[in-house]
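Visitor:
Numbering (the working numbering), first residue to last: 230 to 556.
1) Out of curiosity, what's the CA-to-CA distance linking residue 249 and residue 300?
2) Do three or more CB pairs link the stretch 308 to 315 to the stretch 338 to 349 at distances below 8 Å?
3) Should the stretch 460 to 478 be regarded as contacting the stretch 500 to 507, the criterion being three or more beta carbon pairs within less than 8 Å?
4) Rounded to the nearest angstrom, what separates residue 451 and residue 400 at their Cα positions?
5) Could you check where the alpha helix (DSSP H) with residue 253 kicks off and where it finishes?
6) Can you tell me whether DSSP reads residue 328 as helix, strand or coil?
7) Please classify residue 320 as buried or exposed, where buried requires at least 16 other C-beta atoms within 10 Å of its C-beta.
8) Could you tell me the alpha carbon to alpha carbon distance between residue 247 and residue 338, rounded to whole angstroms?
9) Can residue 324 and residue 361 be called in contact, C-beta distance under 8 Å?
10) When you compare only the Cα positions, how much space is there between residue 289 and residue 410?
11) Taking contact to mean 3 or more Cβ pairs, one atom from each stretch, closer than 8 Å, check whether the stretch 454 to 464 and the stretch 482 to 491 are in contact.
12) Anyone know if the C-beta pair for residue 326 and residue 286 falls short of 8 Å?
13) On a Cα-Cα basis, can you pick out the residue from 394, 421 and 404 that is closest to residue 453?
14) Quick one: using the 10 Å Cβ neighbour count with 16 as the cut-off for buried, is residue 283 buried or exposed?
15) In chain order, what residues of the same chain have a beta carbon less than 8 Å from the beta carbon of residue 531, not counting five sequence neighbours either side?
16) Could you compute how far the alpha carbon of residue 561 sits from the alpha carbon of residue 488?
17) Secondary structure at residue 501, three-state DSSP: helix, strand or coil?
18) To the nearest angstrom, report how far apart residue 260 and residue 280 are at their CA atoms.
19) Can you give me the Cβ contacts of residue 254 inside the same chain, cut-off strictly under 6 Å, excluding the 5 residues immediately before and after it?
20) With a 10 Å radius around its C-beta and 16 neighbouring C-beta atoms as the bar for buried, classify residue 499 as buried or exposed.
21) From residue 233 to residue 398, what does the alpha carbon distance come to, in whole angstroms?
22) Judging by CA-CA distance, which residue of 388, 470, 455 and 364 is the nearest neighbour of residue 402?
23) Decide if residue 331 is buried, meaning its Cβ has at least 16 other Cβ atoms within 10 Å, or exposed.
24) What residue from 415, 460, 367 and 413 has the CA that sits closest to residue 394's CA?
25) I'd like the span of the alpha helix (DSSP H) that includes residue 473, first residue to last.
26) Taking the alpha helix (DSSP H) that residue 284 belongs to, which residues open and close that run?
27) Between residue 335 and residue 265, what straight-line distance do the alpha-carbon atoms span, to the nearest angstrom?
28) By Cβ distance, which residues of its chain are closer than 7 Å to residue 275, with the 5 residues on each side in sequence left out?
29) Taking its Cβ as the centre, do 16 or more other Cβ atoms sit within 10 Å of residue 460, making it buried, or is it exposed?
30) So what does DSSP say about residue 482, is it helix, strand or coil?
31) Between which two residues does the alpha helix (DSSP H) containing residue 348 stretch?
32) Pick from 413, 243, 273 and 298: whose alpha carbon is nearest that of residue 258?
33) Spatial neighbours of residue 417 within its chain, please: CB distance less than 8 Å, with the 5 preceding and 5 following residues excluded, ordered by chain position.
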């Protein structure tokens, strides 16, 4: 994630140590969150549907990006380049995978296409290929040097321009695409729901609440990337205008919010009702009854409620888009 780490020059040693701690703490949280989603996909066979497979690739990219950020780089040689480029590669891959999820949802719900699984190879070519290309192009005009525990990138005007074009340009392109796509999906589903309500005298209230909750959650997805990279974008623009002056609080927010992207993604995309249901079922199987009774009653009731309304939930979750005949 060299886009984040480029903000270290001009700061005092104390400032850099604080930013180092922020990066390590935030990256550790993202690593734990994304690793949890990866493990859930590997352990629970019922989650291995195409839509959740895309979430798995997203979590895997976040996990590797966070891992290399935590490890850092104590040298000035080849490992310095490797650390800088691997974080850049997997971070770009992360936000590109969010566009494949948005594309899949749009193609299924709005276009009513049933061929999304056939596009998996194209998704891999698009994500990994684009990430590789922008990572290689990013090397032009850059001069890597070592600062603290990371491989920092000291660049001139040309290097900064290349950096912006190979990271922030595709990032905000992904944000705009996701926002437009989810707007179309939400608008169509809301219109369909209004028509269903108008044609029916009885509407299942639980199903309505579940659908509204999922619709609102989809609307938050583009905000994850905005929240993660808004401060980083502002910091880059400020660096263009005043290259010799670094703002500590802006650099700290830049590093902290960007390093938390993996945690935000794992919560929003991964920890849905299907994952909670799978965990709950394993607890019922392997947790002794006397211990299960000690769990909070609201936990048991909520999960029981989820199981009783499994079909309604599946119509609303992305993970069921394929198994429910893509609506």
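Where a beta carbon is used, it is the ideal one built from N, C-alpha and C, also for glycine. In this text the structure is predicted, and so the values were computed from the model without any measurement.
Guide: Let me lay it out:
1) Rounded to the nearest angstrom, the two C-alpha atoms are 11 Å apart.
2) Of all C-beta pairs linking the stretch 308 to 315 to the stretch 338 to 349, fewer than three are shorter than 8 Å, placing the two stretches out of contact.
3) Note that the stretch 460 to 478 does not touch the stretch 500 to 507; fewer than 3 beta-carbon pairs, one per stretch, sit closer than 8 Å.
4) Residue 451 and residue 400: Cα-Cα distance of roughly 11 Å.
5) Here the alpha helix (DSSP H) through residue 253 covers 242 to 272.
6) In the structure shown, residue 328 sits in a helix (DSSP, three-state: H, G or I).
7) Classification of residue 320: buried, given that the 10 Å Cβ count is 16 or more.
8) Their backbone Cα atoms lie some 46 Å apart in a straight line.
9) Cβ atoms of residue 324 and residue 361: not closer than 8 Å.
10) If you draw a straight line from the Cα of residue 289 to the Cα of residue 410, it comes to about 23 Å.
11) These segments touch.
12) It is a contact, given that the beta carbons lie within the stated cut-off.
13) The shortest C-alpha separation from residue 453 is found at 404.
14) Looking at its Cβ environment, which holds 16 or more other Cβ atoms inside 10 Å, residue 283 is buried.
15) Residue placement at residue 531 is flagged as unreliable, the pLDDT there being 48, under the threshold of 50; the coordinate-derived value follows with that caveat. Contacts found: none.
16) Given that the chain is displayed from residue 230 to residue 556, the structure contains no residue 561 and the question cannot be resolved.
17) Coil, per DSSP.
18) Residue 260 and residue 280: Cα-Cα distance of roughly 22 Å.
19) Here the set comprises nothing.
20) The residue is buried, with at least 16 neighbouring Cβ atoms inside 10 Å.
21) Bear in mind that a pLDDT of 43 at residue 233, under 50, signals an unreliable position, so the model cannot answer this.
22) Checking every option, the nearest Cα to that of residue 402 belongs to 455.
23) Taking a 10 Å sphere around the C-beta of residue 331, we find 16 or more other C-beta atoms and assign the residue as buried.
24) Measuring from the Cα of residue 394, the nearest candidate turns out to be 367.
25) For residue 473, there is no enclosing alpha helix (DSSP H), as DSSP marks it with neither H nor E.
26) From DSSP, the alpha helix (DSSP H) with residue 284 extends over 279 to 300.
27) Computed Cα separation, rounded: 27 Å.
28) Answer for residue 275: 507, listed in chain order.
29) That one is buried.
30) In the three-state reduction of the DSSP assignment, residue 482 falls in the helix class.
31) Counting along the chain, residue 348 falls outside any alpha helix (DSSP H), and DSSP gives it neither H nor E.
32) Among 413, 243, 273 and 298, the Cα nearest to that of residue 258 belongs to 298.
33) In chain order, 338 and 339 place their CB closer than 8 Å to the CB of residue 417, counting only its own chain and leaving out the 5 sequence neighbours on each side.
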